[in-house]
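Numbering (the numbering used here), first residue to last: 148 to 220. By construction, the Cβ of each residue, glycine as well, lies at the ideal position given by its N, Cα and C atoms. Single-structure report; data block below.
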C-alpha cells in the first residue's frame, strides 16, 4: 500500500494522475491542468491573483467519456 501511494511498485501512477484521469472522464474527456489555489488574497480580502481552470488536452472523445461514465456508475 505504501508504494502504491507514491506511484511505485506495480502501480506506475500517482494518486494525482489517477485523479486527473477520473476527472477527465467526468469532464467529457477533457483533461485539465491541476492547480492548488483558486486565488491569492491580501489580509483585507483583496484579490491579488485569480486562477481558473485551464484545459490541457482532450484525453478521449465525449462519446467515449459517456461510455466510461456509465461503466463507473
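Between residue i and residue j, what straight-line distance do the alpha-carbon atoms span, to the nearest angstrom?
i, j, result
"residue 170", "residue 184", "17 Å"
"residue 217", "residue 166", "18 Å"
"residue 182", "residue 164", "13 Å"
Nearest CA to the CA of residue i: which residue from the options?
i, options, result
"residue 214", "160, 198, 195, 174", "174"
"residue 205", "157, 172, 164, 163", "172"
"residue 219", "168, 157, 162", "168"
Give me, in chain order, the residues of the same chain whose beta-carbon lies closer than 6 Å to that of residue i; leave out the 5 immediate sequence neighbours on both sides.
i, result
"residue 207", "176"
"residue 196", "187"
Pick helix, strand or coil for residue i, following the three-state DSSP scheme.
i, result
"residue 177", "strand"
"residue 210", "helix"
"residue 193", "coil"
Might you give, ordered along the chain, the residues of its own chain that have their beta carbon closer than 7 Å to the beta carbon of residue i, omitting 5 neighbours on each side?
i, result
"residue 200", "179"
Just to confirm my understanding: we take residue i, look at its own chain, exclude 5 residues before and 5 after, and list those with CB closer than 8 Å. What are they?
i, result
"residue 189", "195"
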